[in-house]
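Its first residue numbered 1107, the sequence shown is counted upward by one per residue in our numbering.
No residue lacks a Cβ here, since even glycine has one placed at the ideal position from N, Cα and C.
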Amino acid sequence: MNIWIVTIGSSDVQLDSDTINRNKGRNEKQRSNKVWSYWYEDTKPDCYDIAFEPKQAYKDLDEYYRIEARVLGTVYESSSQEVQDEIWSYLIFPLLDSFVEKLHDPSPDAIAVLLTDQSEFFKDDNIRRKPKCPYWQDTWTLKLILARYFQDKFPDVKCEWIRLSPSGDKGLADWDYVLKLVGEKLGNLQFDGRAIENEEINTVYISHQAGTPAISSAVQFASLARFRTNVEFLVSNEYDRKTETISNSNYLRAIQLQEAI
């Protein structure tokens, strides 16, 4: 059995670049940063009327547009099927696409997707009204989009959705808390309600580049602690979109040294 454990970051789902819009025959009003206002209009009051707009990391015709993950997911899930299909036609998954290309031979038998939801941690409306609040970077509302994506890429593969939802005074930037939280989630990982034994596993592929540094680090250590020698890490180069696998040996050796102390 091969398992893919993937973290999802706030920029893993993006919108078409100006070049792609032009190649698809879209006019000025149909560009990603223009059509957004039409999709967002009905949802804007639920987002404290904040003027969220798609932006490019830098100005370039080939650069994709980015929008806060929670907002994109909320707009998509609250839209009609017709509008969802229109939004879908604009979506780009640069990092995930590179991983999927690498994993098609062999394909995973199961996928575990880690998503963030800090709605209990950021309860104060005054904090949520700040566009830079990490609350808006949460990926839990992307679940419908991601379910459609994985269904399209791996039609026969089941997905397990892992919700990282902190409460109290510990958030997803707290390294110790996140390590414990991720360790518990992966330690109790199930597919179709059944726990997976290490003896059943051939390879566990880990793609941990997305998300906060604390989550990325926690996924590395927790996956090695849980699955040991069965782990391989997927790493993608953001410039040429090429993905390679990295052996677990160096990571695992570090954990074994720590355990021996």
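- CA-CA distance, P1214 to Y1146, rounds to 35 Å.
- Around the C-beta of D1122, 16 or more other C-beta atoms lie within 10 Å, and the residue is accordingly described as buried.
- When secondary structure is reduced to three states using DSSP, Y1171 falls in the strand class.
- According to the DSSP assignment, A1216 belongs to the beta strand (DSSP E) that extends over 1216-1222.
- DSSP, reduced to helix, strand and coil, places E1266 within a strand of the structure shown.
- Between W1267 and V1219, the beta carbon gap of about 6 Å places them in contact (Cβ cut-off 8 Å).
- Going by DSSP, W1110 is part of the beta strand (DSSP E) stretching over 1108-1113.
- Boundaries of the alpha helix (DSSP H) around E1192: 1187-1194.
- In this chain, I1302 is not harboured by any beta strand (DSSP E), its DSSP state being neither H nor E.
- Distance from the CA atom of A1320 to the CA atom of F1227, rounded to whole angstroms, is 16 Å.
- Straight-line spacing of the CA atoms in Y1154 and R1176 works out to 13 Å.
- Exclusion of the five residues before and after T1245 leaves I1114, A1175, L1221, T1222 as the residues of its chain whose Cβ lies within less than 6 Å of its Cβ.
- Contact between the region 1289-1304 and the region 1326-1342 is established, with three or more Cβ pairs separated by less than 8 Å.
- Assignment of beta-bridge partners to F1297 by DSSP yields R1300.
- Residue nearest to D1148 within the set E1183, P1212, V1325, F1256 is E1183 (criterion: CA-CA distance).
- Excluding its 5 nearest sequence neighbours in each direction, Q1326 has C-beta neighbours in its own chain below 8 Å: I1312, H1314, F1339, Y1357, listed in chain order.
- In terms of Cβ geometry, T1247 and T1180 form a close pair [threshold 8 Å].
- No residue range can be given for E1159, since it is assigned to no alpha helix (DSSP H) and is classified by DSSP as neither H nor E.
- Cβ contact annotation for Q1190 (same chain, cutoff 7 Å, sequence separation greater than five): Y1182, in chain order.
- Counted as a single uninterrupted DSSP element, the stretch harbouring T1318 is not any alpha helix (DSSP H), since DSSP gives it neither H nor E.
- For F1199, same chain residues with a beta-carbon under 7 Å away, outside a window of 5 residues either side, are D1118, V1119, Y1255 in chain order.
- When the alpha-carbon of N1129 is set against those of L1167, A1163, M1107, N1108, the nearest one is in L1167.
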